[in-house]
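Visitor: In this note's numbering, the protein residues as written are 2 to 254. Before we start, here is the structure in question, set down as structure tokens.
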């Protein structure tokens with residue numbers, strides 16, 4: 002399905018305000034498009050930073066004129082606010098010439114450039130062993146999938162470089178968020194479940210191994226001159242770092 006579903010409709014889906022046919026259409030779209038599922042996860046997070054975005058608007062708005070206008074209006078009854086209200090308000094600001102989407106995007110981009118790792122974690126938390134155990138593991142399919150990643154990210158990957166102890170290589174694919182391609186190479190470990198090696202372009206220079214935890218999943222991440230890498234799973238942190246070093250060593254030779 003190539004038709005983009007607007008965020009307002011996704012919020013209505015999350016708030017259970019759609020009829021059965023509309024919900025079925027979105028369910029089918031999520032099944033076909035992994036990134037749509039990621040958008041749903043993002044919209045459903047209780048930590049959506051509307052307040053920070055609107056605080057930024059407050060500093061830029063002509064408050065003295067707005068306040069004078071508001072003082073002359075009768076106080077209306079205020080219904081409870083919902084997430085749909087926030088989206089409607091943002092749309093109204095945009096129609097009035099205030100580029101709320103640009104403000105919000107600017108707020109996001111001002112945050113630490115770890116956002117891509119959060120996106121991956123939001124997606125990987127949905128994985129269970131059954132997500133991957135039915136996928137074929139033949140090397141010919143792996144090479145074909147890796148060529149797609151090579152073409153998008155300027156890499157030259159081979160299955161032999163990406164093998165990990167105990168974990169079975171299951172699939173390599175390209176995801177994309179706001180025009181930024183992210184390679185996802187998934188594995189299935191019989192002891193710890195789904196595991197993923199993910200890659201995106203980066204111009205921030207090399208970075209040594211670092212650790213973090215997102216959604217109760219362990220992450221080891223690093224960077225070279227042109228790419229940022231991360232390994233994410235429910236493995237012990239020490240095991241993940243050993244696997245990350247193994248992959249980095251193979252790719253640097």
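All residues carry an ideal CB built from backbone N, CA and C; glycine is no exception. These figures come from a predicted structure and were not determined experimentally.
1) Measure the beta-carbon distance from residue 170 to residue 143 and round it to whole angstroms, keeping in mind my assumption that it falls under 8 Å.
2) What does residue 174 pair with, by DSSP beta-bridge criteria?
3) Apart from the five residues on each side of it in sequence, which residues of its chain come closer than 7 Å, Cβ to Cβ, to residue 119?
4) Determine the burial state of residue 185: buried for a count of at least 16 other Cβ atoms within 10 Å of its Cβ, exposed for fewer.
5) DSSP three-state label for residue 6, please.
6) Within 10 Å of its beta-carbon, does residue 236 have 16 or more other beta-carbons around it, so buried, or fewer, so exposed?
7) According to DSSP, is residue 235 helix, strand or coil?
8) Can you tell me whether residue 191 is buried or exposed, with buried defined as 16 or more other CB within 10 angstroms of its CB?
9) According to DSSP, is residue 213 helix, strand or coil?
10) Which residues in the same chain as residue 252 place their Cβ atom closer than 7 Å to its Cβ, once the five residues preceding and following it in sequence are excluded?
11) Identify which residue in 39, 207, 149, 116 has its Cα closest to the Cα of residue 128.
12) Round the Cβ separation of residue 155 and residue 227 to the nearest angstrom and send it over; I've been treating them as touching at under 8 Å.
13) If I measure Cβ to Cβ from residue 140 and keep anything under 8 Å in the same chain, skipping five residues before and after, which residues do I get?
14) Could you tell me the alpha carbon to alpha carbon distance between residue 18 and residue 28, rounded to whole angstroms?
15) Let me check one thing: in DSSP terms, what residues is residue 194 bridge-paired to?
16) According to DSSP, residue 228 sits in a beta bridge with which residue or residues?
17) In the structure shown, what three-state DSSP assignment does residue 249 receive?
18) Measuring only the C-alpha atoms, how far is residue 213 from residue 220?
19) Roughly how many angstroms lie between the CA atoms of residue 225 and residue 21, to the nearest whole one?
20) Could you name the residues that DSSP lists as bridge partners for residue 218?
21) Can residue 23 be considered in contact with the ligand ADP, in the sense that its beta carbon sits closer than 6 Å to one or more heavy atoms?
22) Using a Cβ-Cβ cut-off of 6 Å (strictly less than) and excluding sequence neighbours within five positions of residue 167, which residues of its own chain qualify?
Guide: The relevant details are as follows:
1) Going by Cβ atoms, the distance from residue 170 to residue 143 rounds to 6 Å, so yes, they are a contact pair.
2) Answer is 185.
3) Contacts found: 215.
4) That one is buried.
5) The DSSP-derived three-state label of residue 6 is coil.
6) Taking all protein chains in view, the Cβ of residue 236 is crowded by 16 or more other Cβ atoms within 10 Å, so the residue is classified as buried.
7) Here DSSP, grouped into helix, strand and coil, assigns residue 235 to coil.
8) Exposed, since its Cβ has fewer than 16 Cβ neighbours within 10 Å.
9) Strand at residue 213.
10) Shown here for residue 252: same chain residues with a beta carbon closer than 7 Å to its own, the five before and five after excluded, namely 162 in chain order.
11) Closest option to residue 128, Cα to Cα, is 39.
12) About 7 Å separates the Cβ atoms of residue 155 and residue 227, confirming a contact at the 8 Å cut-off.
13) Once the five neighbours on either side are set aside, the close Cβ partners of residue 140 are 160.
14) Answer to the nearest angstrom: the Cα atoms are 14 Å apart.
15) Here residue 194 is bridged, per DSSP, to 190.
16) Bridge partners of residue 228: 202.
17) Three-state DSSP puts residue 249 in a helix.
18) Near 5 Å, if we compare the C-alpha coordinates of residue 220 and residue 213.
19) Rounded to whole angstroms, residue 225 to residue 21 spans 48 Å at the Cα level.
20) Per DSSP, 215.
21) The ligand ADP is not part of this structure, which contains no ligands at all.
22) Cβ within range, chain order: 190.
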